[in-house]
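Counting in the numbering used here, the sequence shown runs from 6 upward without gaps. Here a beta-carbon is modelled for each residue, glycine too, at the ideal position from N, C-alpha and C. One structure below.
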Amino acid sequence: MYMKFNILKKMLLGVGISLLFTACIKDEVDDTTTQGSTFVKLLESPQNAIFFEPFTEIRTVELFSLRKDANSGAELNTPLTVKLTPNPTLIATYNAANSADYEKLPDSLYTLDPGNPFASGIYQMSMGAGEFSKEFTIKLNGSKWDLSKKYALGFTISDAGGKPITTGKKDVLVLISIKNKWDGIYVASGTMTDLVNPNLTGIYDDPGGYGVDVEYSLQTLSATQCVVVSETYQGVPCVPIWDLGAQNWSLYGSFGLIVTFDPATDKIASVTNYYGQMSGGNKRSAELDPSGVNAYDEATKTVKIIYWMKQFANLNPAPPNNIRSIINEEWKYVRAR
């Protein structure tokens with residue numbers, strides 16, 4: 006059984022909020038007195054995820070912030086130069102840990118801000134007297150971006166100008182993605198009918214009493230495609246379902262949805278199984294039901310879709326046309342991801 010932190014987070018939030026509130030007031034702002042040492046850190050460490058709508062111009066983008074936590078007014082007014090090195094191994098490590106496919110941002114897609122010069126393999130960031138923060142910026146050329154790809158850049162502080170580095174704040178991986186127009190978080194409603202096992206049904210009306218909506222995250226794969234991730238429950242591409250027998254939520258193994266839109270009409274051109282058509286031991290595939298509206302409405306930011314999960318193995322007898330489940334849904338956009 007898969008589990009995502011969203012459900013548990015809601016249950017634990019009330020217990021910890023009073024303690025967190027008290028602690029945060031003290032920890033967020035430190036006086037520039039003589040307490041401790043002056044530390045240097047990369048504020049967004051370990052990762053900073055940046056998303057953009059498609060664009061064609063050259064745009065100034067802030068990748069991360071270098072901070073100096075000064076322990077005194079004298080330290081704050083002392084200039085500081087910090088050196089950083091590129092660290093592409095952060096990309097490889099992240100990809101391996103998250104089954105992701107980020108690539109190093111090609112040099113041809115951006116230029117450096119003159120305020121962060123790069124020479125002999127070293128970036129240099131300087132803070133003048135009275136400065137405690139410095140932004141690392143690039144100029145990104147949207148016209149050269151390949152929407153089928155996701156890019157990243159990794160950085161490591163190699164010389165903190167003689168200052169200690171805050172624990173866990175030495176490295177930062179910047180993940181940069183361009184979103185297509187359908188990308189975002191949607192609340193799903195509708196029906197799910199399993200023609201083989203009637204105990205498996207939709208979870209839209211919150212039968213478990215969790216007090217949550219069924220949210221899908223439509224995540225850009227290309228200029229016309231999104232993968233549909235079960236945001237509320239499993240956190241993976243799948244169809245969340247309710248098991249009336251077990252009285253618990255579940256999913257169909259080896260089945261998730263990729264939706265392909267026609268950008269000229271906003272109609273859904275096709276759906277496929279994220280894990281591959283005829284995937285898994287049950288040989289599951291996705292197919293659009295042509296009787297549905299199967300389109301995105303720009304005015305209401307709503308997707309209406311009917312599709313089938315087909316299963317070609319381990320069903321005896323097999324259902325007509327191998328249609329195991331019929332999913333009839335409406336997805337209402339609620340926020341950007």
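**Report entry** Buried or exposed by the 16-neighbour rule on C-beta atoms within 10 Å, applied to Glu108
**Finding:** Flag for Glu108 reads exposed.
ask   = With 16 as the cutoff for other CB atoms within 10 Å, does Val233 come out buried or exposed?
value = Residue burial is scored here from C-beta neighbours: Val233 has at least 16 other C-beta atoms within 10 angstroms and is therefore classed as buried.
*Under a CB-based cut-off of 9 Å, is Leu180 close to chain D?*
Going by chain labels, chain D is absent from the structure shown, which holds only one protein chain.
**OP:** List the endpoints of the continuous alpha helix (DSSP H) containing Thr98.
**Re:** From DSSP, the alpha helix (DSSP H) with Thr98 extends over Thr94 to Asn103.
Between Lys139, Tyr238 and Pro119, which has its C-alpha nearest Val192's C-alpha?
Of the listed residues, the one whose Cα sits closest to Val192 is Tyr238.
Check your understanding: So does the region 297 to 307 actually touch the region 156 to 163, counting three or more Cβ pairs closer than 8 Å?
Key -> Put simply, the region 297 to 307 does not touch the region 156 to 163. Fewer than three CB pairs are less than 8 Å apart.
Rounded distance between the beta-carbons of Glu335 and Lys309, thought under 8 Å: Contact flag correct, Cβ pair sits at about 5 Å.
Open item on the list: Bridge partners for Asn146 per DSSP, in chain order?
Closed with: Looking at the DSSP assignment, Asn146 forms a beta bridge with Ile63.
task = Go ahead and label Ala1 buried or exposed: buried means 16 or more other beta carbons lie within 10 angstroms of its beta carbon, across all protein chains shown.
result = The question about residue 1 has no answer here: the residues shown for the chain are numbered 6 through 342.
- Task: Indicate the three-state DSSP secondary structure (helix, strand or coil) for Thr37 in the structure shown.
- Result: The pLDDT assigned to Thr37 is 39, lower than 50, so where the model puts this residue is not dependable; a value taken from the coordinates is nonetheless given after this. Thr37 falls in the coil class under three-state DSSP.
* Nearest candidate by alpha-carbon position, reference Leu320, set Ala304, Arg289 and Arg342 -> Shortest Cα-Cα distance from Leu320 to any of Ala304, Arg289 and Arg342 involves Arg289.
* **Distance, Asn82 Cα to Ser227 Cα** => Distance between the alpha carbons of Ser227 and Asn82: 48 Å.
Measure the beta-carbon distance from Ala304 to Gly189 and round it to whole angstroms, keeping in mind my assumption that it falls under 8 Å.
About 15 Å separates the two Cβ atoms, so there is no contact after all.
Can you tell me whether Gln282 is buried or exposed? The criterion is at least 16 other CB atoms within 10 Å of its CB, across all chains shown. If you draw a 10 Å sphere on the C-beta of Gln282, you find fewer than 16 other C-beta atoms in it, and that means exposed.
Exercise. Where do the ends of the beta strand (DSSP E) carrying Gly159 lie?
Worked result: Segment Tyr156 to Asp164, the beta strand (DSSP E) holding Gly159.
Problem set entry | First through last residue of the beta strand (DSSP E) which encompasses Ala300 | Its beta strand (DSSP E) spans residues Ala300 to Asp302.
Is it right to say Ala291 is buried, meaning 16 or more other beta carbons lie within 10 angstroms of its own, or is it exposed? With 16 or more other Cβ atoms within 10 Å, it is buried.
Margin query: I'd like the span of the alpha helix (DSSP H) that includes Ala318, first residue to last.
Written below: From DSSP, Ala318 is part of no alpha helix (DSSP H); its letter is neither H nor E.
Query raised in the report: Skipping 5 residues on each side, what residues in its chain have a beta carbon closer than 7 Å to that of Tyr221?
Result: For Tyr221, the CB contacts under 7 Å within the same chain, skipping 5 residues up- and downstream, are Tyr191, Ala193, Val233, Val234, Ser235, Glu236 and Trp336 in chain order.
| Residues near Leu48 by beta carbon distance below 6 Å, same chain, minus five either side | Within the same chain, Leu48 has close Cβ partners Ser70 and Arg72.
**Request:** Kindly indicate which three-state DSSP category Asp112 falls into: helix, strand or coil?
**Result:** DSSP places Asp112 in helix when its eight states are reduced to three.
| query | In three-state terms, what does DSSP make of Glu80? | reply | Three-state result, Glu80: helix.
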